Every structure is written in structure tokens, then in C-alpha cells.
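Right, one structure below, let's go through it.
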Amino acid sequence: MHPRTRIRTAIAAALGAVAPVTANRDDPLPADALPCIGLFTPDEATQEITMGSRRQLRRMDLYVDGYVRAGADLDDQLEAMALRIEQTIAAGGKFAGVLDRIELVRSVTDRLTSGELKAGVTRLQFVVTYQTTFGQPDA
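Residue numbers 0 to 138, in numbering that gives the first Met the number 0, belong to the letters of the sequence shown in order.
Structural data, given as C-alpha cells:
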């Protein structure tokens, strides 16, 4: 299993205490699924850190989207969701050793109005750092 999959799985399991989680990109969102969380890993940079053993330092972007049903207090709901996500990820530490470090680098909120779906989303962007061996990321 690729480390990205292990990382997504570990974080999704922890976030399951906040709301139902999808650990892959999933469209469209059904209105009856709110609140929920989606997470995905769209980008990763790799740097070789040792020559002999060919260890690689990987920095992966992790996006965590928290969705809530729109109401009069949408911004408050989105901030509450963001808070629970941040607290849960901070409490996870190194997620049983599947990563070295995780840091929040950006958060954005938005309103979704697509057909009958009236919702809001808070997107938290994290950078996850972990190490692998060249050519054997699953070792």
C-alpha cells in the first residue's frame, strides 16, 4: 500500500469521530449526507535526503473539506467544523508513525449552491511530511 493511502486512511479514521468521511474525491454531494468530510491528496514533492540509502523526504498536500448544510449561521457552522477538524488532526500526532509532521497552511470557506443543495464548505490545506526509500515507497 502506498504511504499516501496509509496516511489518508489513518486521518480519515480519526476524522470519523467528527463526521462521516470519504477518503477519496467523491461527487456529487447528496444533501442528506451533510455534515460530512472529504479528504484527498492532489500533490506531492520529493527530495532525496541521503545518497547511499537513497532516502526521500516527501511533502504532500492534504486537503480536508468539511461540508455543512447552509442555514442562518453558516459561517459559525463552518468555523465549528474547521475547529473540530484542526483539533482532531492535532491530537493525532504522527498517526501511529505513518507521517513525520503535519501542519495547517491554509483554510478557506465558501458557500455551495448547486441545484437543490444549499451548503457550505471549509477547506483546510495541510502539508504532510514523511520519508520513504527511493523506488520502494511502501517499504
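From the three backbone atoms N, C-alpha and C, an ideal C-beta is built for every residue, glycine too. Source: prediction; values computed, not measured.
Whole angstroms is fine: what's the gap from residue i's alpha carbon to residue j's?
{"i": "PHE133", "j": "ALA30", "result": "43 Å"}
{"i": "GLN76", "j": "HIS1", "result": "34 Å"}
{"i": "THR87", "j": "GLN46", "result": "29 Å"}
{"i": "GLU181", "j": "GLY114", "result": "No answer is possible for residue 181: it lies beyond the span of the chain, which begins at 0 and ends at 138."}
{"i": "ASP25", "j": "MET50", "result": "39 Å"}
{"i": "GLY96", "j": "ALA89", "result": "14 Å"}
Is DSSP giving residue i helix, strand or coil here?
{"i": "PRO41", "result": "strand"}
{"i": "MET50", "result": "coil"}
{"i": "VAL82", "result": "Note that residue 82 is Leu in the sequence shown, not Val. Looking at LEU82 - three-state DSSP - the assignment turns out to be helix."}
{"i": "ASP74", "result": "helix"}
{"i": "ASP31", "result": "helix"}
What residue does the alpha helix (DSSP H) around residue i start on, and which one ends it?
{"i": "LEU14", "result": "2-14"}
From what residue to what residue does the beta strand (DSSP E) around residue i run?
{"i": "GLY119", "result": "116-132"}
{"i": "ARG110", "result": "100-113"}
List the whole-angstrom C-beta distance separating residue i from residue j, where the pair is believed to meet the contact cut-off of C-beta under 8 Å.
{"i": "SER106", "j": "ALA81", "result": "6 Å"}
{"i": "ILE36", "j": "VAL63", "result": "6 Å"}
{"i": "ARG57", "j": "GLU43", "result": "6 Å"}
{"i": "ILE10", "j": "LEU38", "result": "6 Å"}
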